[in-house]
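Residue numbers (our numbering): 14 to 106.
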């Protein structure tokens, strides 16, 4: 029997993809929002593809804020976008 691969839905493109191929945006127990590139940070998570386009689409539709049940200020959006673009260059696929 093959090992089950966990799937998560990208909030940008709305496609189901393997969890390992997505980046987790996490709201910590303290209420701070950040990118969790390893997928192991404590808190509530929302998933987006490893592309700045999907992150921008999810931010524009406010899907991440709804999913994490928090109002996300614009400066956090900018920080998330910069962090994602930084990670885009190191993505191995």
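Every residue gets a Cβ at the ideal spot worked out from N, C-alpha and C, and that includes glycine.
Buried or exposed by the 16-neighbour rule on C-beta atoms within 10 Å, applied to residue i
{"i": "residue 71", "result": "buried"}
{"i": "residue 77", "result": "buried"}
{"i": "residue 97", "result": "buried"}
{"i": "residue 93", "result": "buried"}
{"i": "residue 59", "result": "buried"}
{"i": "residue 73", "result": "exposed"}
{"i": "residue 110", "result": "One cannot answer for residue 110 here, as it falls past the ends of the chain, which runs 14 to 106."}
{"i": "residue 75", "result": "exposed"}
The alpha helix (DSSP H) enclosing residue i, as first and last residue numbers
{"i": "residue 59", "result": "Not the alpha helix (DSSP H): residue 59 falls in the beta strand (DSSP E), residues 57–62."}
{"i": "residue 69", "result": "65–73"}
Assigned secondary structure, residue i (DSSP; H/G/I helix, E/B strand, else coil)
{"i": "residue 14", "result": "coil"}
{"i": "residue 50", "result": "coil"}
{"i": "residue 10", "result": "Absent from the model: residue 10. The displayed extent of the chain is 14 to 106, so no value can be given."}
{"i": "residue 87", "result": "helix"}
Alpha-carbon to alpha-carbon, residue j and residue i
{"i": "residue 89", "j": "residue 14", "result": "43 Å"}
{"i": "residue 56", "j": "residue 36", "result": "14 Å"}
Any chain B beta carbon closer than 8 Å to residue i
{"i": "residue 88", "result": "The question asks about chain B, but that chain is absent: this structure has only one protein chain."}
Does the segment 61–69 touch the segment 80–88, meaning 3 or more C-beta pairs lie closer than 8 Å? no
Evaluate the contact criterion for the segment 17–29 versus the segment 41–49: three or more CB pairs, one atom per stretch, below 8 Å. no
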